[in-house]
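Student:
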Amino acid sequence: HMKTTDTKPDEKSAPVEEPGPAIDTSKMNAGQRAALELTEAARDAETAAGSYGQSLFMGRCEVERMMPFPQQSHEDMDQGDAFLHRLEKFLREKVDPDEIDRTGEVPDEVMRGLADMGAFAIKIHPQYGGLGMSQTNYCRAATMLGSYCANLTALISAHQSIGVPQPLILFGTEEQKQRFLPRFGKGEISAFALTEPGVGSDPAAMSTKAEPTEDGRHFIINGEKLWCTNGTKAGVIVVMARTPDKEVRGRSRKQITAFIVNMDTHGVEVVRRCHFMGLKALYNGVVKFTDVKVPVENIIAGEGRGLKVALSTLNTGRLTLPAACSGLAKKCLQVLRRWSGERVQWGAPIGRHAAIADKLARIAANIFAMESMTLYTASLVDRDKQADIRLEAAMCKMWGTEKAWEIIDETMQIRGGRGYETAASLKARGEDPVAVERWMRDCRINTIFEGSSEIMRLFIAREALEPHLKVAAAALNTQLPISQRAPAAWKAGLFYAGWYPRQWLAFLDGGLPPVAGGLHPRLAGHLCYAKKITRKLSRNLFHAMALHGPKLERQQILLGRFVEIGAEIFAISAACARAQSMLGHADRDQHVVELADCFSRQSRLKINELFRALWSNNDKSNYHVAQQILAGNDEWLEKGIID
Numbered sequence: 018h019m020k021t022t023d024t025k026p027d028e029k030s031a032p033v034e035e036p037g038p039a040i041d042t043s044k045m046n047a048g049q050r051a052a053l054e055l056t057e058a059a060r061d062a063e064t065a066a067g068s069y070g071q072s073l074f075m076g077r078c079e080v081e082r083m084m085p086f087p088q089q090s091h092e093d094m095d096q097g098d099a100f101l102h103r104l105e106k107f108l109r110e111k112v113d114p115d116e117i118d119r120t121g122e123v124p125d126e127v128m129r130g131l132a133d134m135g136a137f138a139i140k141i142h143p144q145y146g147g148l149g150m151s152q153t154n155y156c157r158a159a160t161m162l163g164s165y166c167a168n169l170t171a172l173i174s175a176h177q178s179i180g181v182p183q184p185l186i187l188f189g190t191e192e193q194k195q196r197f198l199p200r201f202g203k204g205e206i207s208a209f210a211l212t213e214p215g216v217g218s219d220p221a222a223m224s225t226k227a228e229p230t231e232d233g234r235h236f237i238i239n240g241e242k243l244w245c246t247n248g249t250k251a252g253v254i255v256v257m258a259r260t261p262d263k264e265v266r267g268r269s270r271k272q273i274t275a276f277i278v279n280m281d282t283h284g285v286e287v288v289r290r291c292h293f294m295g296l297k298a299l300y301n302g303v304v305k306f307t308d309v310k311v312p313v314e315n316i317i318a319g320e321g322r323g324l325k326v327a328l329s330t331l332n333t334g335r336l337t338l339p340a341a342c343s344g345l346a347k348k349c350l351q352v353l354r355r356w357s358g359e360r361v362q363w364g365a366p367i368g369r370h371a372a373i374a375d376k377l378a379r380i381a382a383n384i385f386a387m388e389s390m391t392l393y394t395a396s397l398v399d400r401d402k403q404a405d406i407r408l409e410a411a412m413c414k415m416w417g418t419e420k421a422w423e424i425i426d427e428t429m430q431i432r433g434g435r436g437y438e439t440a441a442s443l444k445a446r447g448e449d450p451v452a453v454e455r456w457m458r459d460c461r462i463n464t465i466f467e468g469s470s471e472i473m474r475l476f477i478a479r480e481a482l483e484p485h486l487k488v489a490a491a492a493l494n495t496q497l498p499i500s501q502r503a504p505a506a507w508k509a510g511l512f513y514a515g516w517y518p519r520q521w522l523a524f525l526d527g528g529l530p531p532v533a534g535g536l537h538p539r540l541a542g543h544l545c546y547a548k549k550i551t552r553k554l555s556r557n558l559f560h561a562m563a564l565h566g567p568k569l570e571r572q573q574i575l576l577g578r579f580v581e582i583g584a585e586i587f588a589i590s591a592a593c594a595r596a597q598s599m600l601g602h603a604d605r606d607q608h609v610v611e612l613a614d615c616f617s618r619q620s621r622l623k624i625n626e627l628f629r630a631l632w633s634n635n636d637k638s639n640y641h642v643a644q645q646i647l648a649g650n651d652e653w654l655e656k657g658i659i660d
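Residue numbers (this note's numbering): 18 to 660.
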């Protein structure tokens with residue numbers, strides 16, 4: 018139903034007719050139903066084998082997919098090392114992160130230096146003027162940048178992860194690639210325009226429109242986009258806009274289309290640059306489009322495929338954030354290791370006091386797990402550019418950014434007043450200008466960027482439920498006639514009659530995969546736990562489906578707990594699989610096992626707490642209190658302030 022105009026996407030990305038939503042929409046209002054149907058139409062079909070993340074919610078912890086843990090080839094690592102060496106030298110000699118923070122500008126010489134080394138074309142193939150580096154090396158670069166300057170990290174990431182390069186790599190025609198990609202190898206910057214003043218995560222409410230011209234050769238775009246990162250510096254951007262609705266199975270469906278728009282096109286105006294708590298040099302702005310004429314050749318993937326382009330681009334783009342967060346977290350650990358060994362209180366270095374030692378252990382363990390999850394998911398992309406990493410990337414983003422915020426918060430606490438004091442003030446007093454205050458301001462956006470933590474939980478929950486919805490949705494959908502629901506209920510009953518008992522039988526796991534030299538006993542114990550607890554996760558999810566039926570999608574807090582359990586299992590699996598792969602180095606054998614063991618133990622405690630909270634919580638009472646607040650019944654609580 019989504020046909021292209023004059024431009025045709027690659028064969029592998031050609032549109033196909035997809036089924037309607039597998040969720041009961043009978044109790045939704047028109048706006049909710051439209052948003053759901055639009056988003057469902059843009060979802061990728063799952064791969065034949067499914068993904069590791071999705072299998073967790075069906076009771077299968079397939080750790081064998083991670084073992085042996087994927088390693089970079091020597092050639093790929095050498096290529097990455099060479100680039101990272103140039104990048105590190107440049108950052109040390111030419112970039113002052115505190116000065117960039119103070120002025121709110123990236124110096125022109127820094128922009129030129131980054132362009133000269135190919136930093137704006139890291140993953141673009143050499144035939145288009147790029148470096149042609151792997152996703153793993155791109156993540157390594159993000160880690161280094163994240164440890165040094167968040168403003169440059171955002172600049173480079175927004176351009177390559179969600180700007181024009183990534184959508185073209187995934188969906189662009191050869192003609193589009195030849196026309197646009199070489200510009201980035203020369204240092205041009207791009208941006209992504211989706212959010213609007215009244216539209217965040219609800220694309221169905223998008224007001225920016227693109228109307229076709231009478232001759233069908235152009236579209237005319239009118240509207241306004243908010244928070245367009247790099248928008249004030251970009252030479253070209255991706256713009257998401259509503260194109261005319263199309264009829265699908267007798268019903269009108271809204272269409273979102275992705276356009277490549279040159280910023281010097283008549284009618285494109287940067288209305289305002291936005292300023293934020295952190296990332297003072299973020300070139301983020303409000304961009305207005307007034308009768309902007311764009312040729313149909315600039316449509317990515319075909320008319321009506323824009324939301325799919327956006328979602329697919331974000332899947333890979335999200336990996337940059339946990340990679341950058343790993344870099345910041347590593348920097349925090351370095352600072353704390355030194356500070357906790359040097360700072361003496363009550364006759365001993367503070368690192369020897371249990372309260373601080375516990376924080377240090379948790380920080381190191383979380384960094385190891387965060388990096389393991391990210392490297393594993395990056396390896397999936399390197400193995401197959403079209404790999405289904407929706408759940409893995411979303412879990413990495415949600416879990417990694419939240420852990421990074423916890424780590425910077427603990428770093429501030431351990432550094433005390435010196436953490437709260439600015440680097441400039443510390444330097445003026447003759448102390449080491451450690452910029453924890455700046456790091457905290459810059460880090461806060463990460464749980465909001467590219468899908469907030471709340472949206473990530475809902476996204477993961479929707480993907481996690483997909484296998485169950487394929488089995489049982491038709492039986493629960495009250496919009497279908499009983500003649501369709503009855504056979505569907507019978508089929509679902511047969512499926513679950515075989516599936517559910519298996520979630521109680523440990524011997525059906527099939528054991529752990531063989532690894533040369535055998536699994537380390539401590540790691541094997543945690544991986545066995547991961548397999549066992551995954552079945553408990555799937556059982557409880559099934560119980561929630563049986564209890565709430567079609568209304569389960571409204572139980573956002575409950576679903577969030579399921580998602581968190583799944584993310585913790587993913588983290589345990591990745592950490593232990595990576596630790597196993599690192600054995601054989603006498604200088605770190607014991608320590609890497611201790612790190613993975615430390616993380617897994619604390620993760621298991623959290624999982625146990627989450628399971629208890631599934632069925633014993635204050636969700637209903639909290640919701641009731643919130644509605645009372647919204648109704649104004651607790652306005653008396655606001656007395657005593659200046660209105």
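Ideal Cβ placement from N, Cα and C applies to all residues, glycine included.
No experiment lies behind these values; they were computed from the predicted model shown.
In this structure, how does DSSP classify residue 262 when only helix, strand and coil are distinguished?
Tutor: Correct three-state label for residue 262: strand.
Student: Leaving out five residues before and five after residue 130 in sequence, what residues of the same chain have Cβ atoms less than 7 Å from its Cβ?
Tutor: So the list reads 107 and 111, once near-sequence residues are dropped.
Student: Rounded to the nearest angstrom, what separates residue 578 and residue 365 at their Cα positions?
Tutor: So the two alpha carbons sit approximately 40 Å from each other.
Student: Relative to the C-alpha of residue 313, which residue among 438, 452 and 231 is closest?
Tutor: It is 231 whose Cα lies nearest to the Cα of residue 313.
Student: Hey, how far is the Cα of residue 617 from the Cα of residue 543?
Tutor: Approximately 7 Å between the Cα atoms of the pair.
Student: Are residue 178 and residue 337 closer than 7 Å when you measure CB to CB?
Tutor: Yes, the pair counts as a contact, with Cβ atoms nearer than the cut-off.
Student: With burial defined as no fewer than 16 other Cβ atoms inside 10 Å of the residue's Cβ, what is the status of residue 533: buried or exposed?
Tutor: Low confidence applies here, because residue 533 scores a pLDDT of 44, under 50, leaving its location unreliable and the question unanswered by this model.
Student: So is residue 459 buried or exposed if we call it buried at 16+ other beta carbons inside 10 Å?
Tutor: Classification for residue 459: buried.
Student: Confirm, please, whether the CB-CB distance from residue 138 to residue 86 is below 7 Å.
Tutor: It is not a contact, given that the beta carbons lie outside the stated cut-off.
Student: Should the region 261-270 be called in touch with the region 294-314, which here means at least 3 C-beta pairs below 8 Å?
Tutor: With a cut-off of 8 Å, the region 294-314 and the region 261-270 do not count as touching, because too few Cβ pairs lie within range.
Student: Locate the alpha helix (DSSP H) running through residue 130, then write down its first and last residues.
Tutor: Looking at the DSSP string, the run of the alpha helix (DSSP H) that includes residue 130 is 125-133.
Student: Could you tell me how far apart the beta carbons of residue 247 and residue 300 are, in whole angstroms, since I believe they sit closer than 8 Å?
Tutor: Going by Cβ atoms, the distance from residue 247 to residue 300 rounds to 5 Å, so yes, they are a contact pair.
Student: Which whole-angstrom value describes the C-beta separation of residue 311 and residue 235, a residue pair presumed to lie in contact below a C-beta threshold of 8 Å?
Tutor: Right, their Cβ atoms sit about 6 Å apart.
Student: Under three-state DSSP, which class holds residue 52?
Tutor: For residue 52, the predicted model reports a pLDDT of 49, less than 50, meaning its position is unreliable; a value from the coordinates is still stated below. DSSP places residue 52 in helix when its eight states are reduced to three.
Student: Three-state secondary structure (DSSP) at residue 608?
Tutor: Correct three-state label for residue 608: helix.
Student: Among 382, 250, 325 and 435, which residue has its Cα nearest to the Cα of residue 619?
Tutor: Nearest option by C-alpha distance: 382.
Student: Using the three-state DSSP reduction, which class does residue 370 fall into: helix, strand or coil?
Tutor: Here residue 370 sits in coil by DSSP.
Student: Report the option in 580, 645 and 392 whose CA atom is closest to the CA atom of residue 624.
Tutor: Among 580, 645 and 392, the Cα nearest to that of residue 624 belongs to 580.
Student: Leaving out five residues on either side along the sequence, give the residues of the same chain with a beta carbon under 8 Å from the beta carbon of residue 341.
Tutor: Here the set comprises 159, 160, 162, 163, 167, 170, 174 and 463.
Student: To the nearest angstrom, how far is it from the Cα of residue 591 to the Cα of residue 478?
Tutor: One C-alpha to the other measures close to 20 Å.
Student: Can you tell which of 433, 122 and 489 has the C-alpha that lies nearest to the C-alpha of residue 562?
Tutor: With distances taken between Cα atoms, residue 562 lies closest to 489.
Student: Please classify residue 207 as buried or exposed, where buried requires at least 16 neighbouring CB atoms within 10 angstroms.
Tutor: Residue 207 should be labelled buried.
Student: May I have a chain-ordered list of the beta strand (DSSP E) segments no shorter than 3 residues that lie completely inside the region 209-279?
Tutor: The qualifying runs are 226-229, 235-246, 253-265 and 268-279.
Student: Grouping DSSP H, G and I as helix and E and B as strand, with all else coil, what is residue 512?
Tutor: In the structure shown, residue 512 sits in a helix (DSSP, three-state: H, G or I).
Student: Rank 456, 396, 354 and 343 by C-alpha distance to the C-alpha of residue 385 and give the top, closest one.
Tutor: Ranking the options by Cα distance to residue 385, first place goes to 343.
Student: Can you tell which of 409, 213, 240 and 351 has the C-alpha that lies nearest to the C-alpha of residue 74?
Tutor: If we check each option's Cα against that of residue 74, 409 comes out closest.
Student: By how many angstroms is the C-alpha of residue 607 removed from the C-alpha of residue 537?
Tutor: Spanning the two alpha carbons is a distance of roughly 10 Å.
Student: Check this for me: beta carbons of residue 584 and residue 416, under 7 Å apart or not?
Tutor: Their beta carbons are under 7 Å apart, which means residue 584 touches residue 416 by this criterion.
Student: Could you tell me how far apart the beta carbons of residue 424 and residue 373 are, in whole angstroms, since I believe they sit closer than 8 Å?
Tutor: Incorrect: roughly 14 Å between the Cβ atoms, too far for contact.
Student: When you compare only the Cα positions, how much space is there between residue 251 and residue 176?
Tutor: Computed Cα separation, rounded: 8 Å.
Student: Since residue 321 and residue 351 should fall inside the 8 Å C-beta cutoff, what is the C-beta to C-beta distance between them, to a whole number of angstroms?
Tutor: Between residue 351 and residue 321 the Cβ distance is about 49 Å, and since that is not below 8 Å, they are no contact.
Student: Buried or exposed, going by whether 16 or more other CB atoms sit within 10 Å of the CB of residue 495?
Tutor: With fewer than 16 Cβ atoms within 10 Å of its Cβ, residue 495 is classed as exposed.
Student: Counting only the same chain and skipping the five closest in sequence on each side, list residues whose C-beta sits under 6 Å from that of residue 481.
Tutor: Result list for residue 481: 74, in chain order.
Student: Which of helix, strand or coil does DSSP assign to residue 298?
Tutor: Residue state, collapsed to three classes: coil.
Student: I think residue 651 touches residue 645, with their Cβ atoms under 8 Å apart; what is that distance to the nearest whole Å?
Tutor: Contact holds; Cβ gap of about 6 Å.
Student: What first and last residue would you give for the alpha helix (DSSP H) that runs through residue 446?
Tutor: No alpha helix (DSSP H) holds residue 446; DSSP gives it neither H nor E.
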